[in-house]
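Colleague: Dumping the structure here so I can ask a few things about it.
In my numbering, the protein residues as written are 789 to 893.
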């Protein structure tokens, strides 16, 4: 459990730092606009791959992703909020559907 908590704290801190840096570089003009979207897309794909790698923990990861997105909503743009709230909800719905399907089989 301690290792998981340490990884969660590290992920949260690094996520906040990355969001802050990307936002600052985008506002500064250092990063072109498309790279911010590309960064967001890569982040979402990485989250989906992580969730998919856990058989049971993926639902908890999605809940954590959703809660983290809600807590960081002031740092996220409107499109990021939509992706980071709708994404985990869709994942949770799909997880529940596959779980129910497995139980009935």
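For every residue, glycine included, the Cβ atom is placed at its ideal position computed from N, Cα and C.
Can you tell me where the alpha helix (DSSP H) with residue 798 in it begins and where it stops?
Modeller: Per DSSP, residue 798 belongs to the alpha helix (DSSP H) from 790-816.
Colleague: Take residue 873 and list the residues in its own chain whose beta-carbon comes closer than 8 Å to its own, dropping the five residues that flank it on each side.
Modeller: 854, 857 and 858
Colleague: Do residue 847 and residue 883 have their C-beta atoms closer together than 7 Å?
Modeller: yes
Colleague: Quick one: which unbroken beta strand (DSSP E) runs of 3-plus residues sit fully inside the region 832-891? Chain order, please.
Modeller: none
Colleague: How do the region 836-843 and the region 821-828 stand: do at least 3 beta-carbon pairs fall below 8 Å, yes or no?
Modeller: Flag = no, the region 836-843 and the region 821-828 do not touch.
Colleague: With a threshold of 7 Å between beta-carbons, can residue 849 be considered close to chain B, or not?
Modeller: The structure shown contains no chain B; it holds only a single protein chain.
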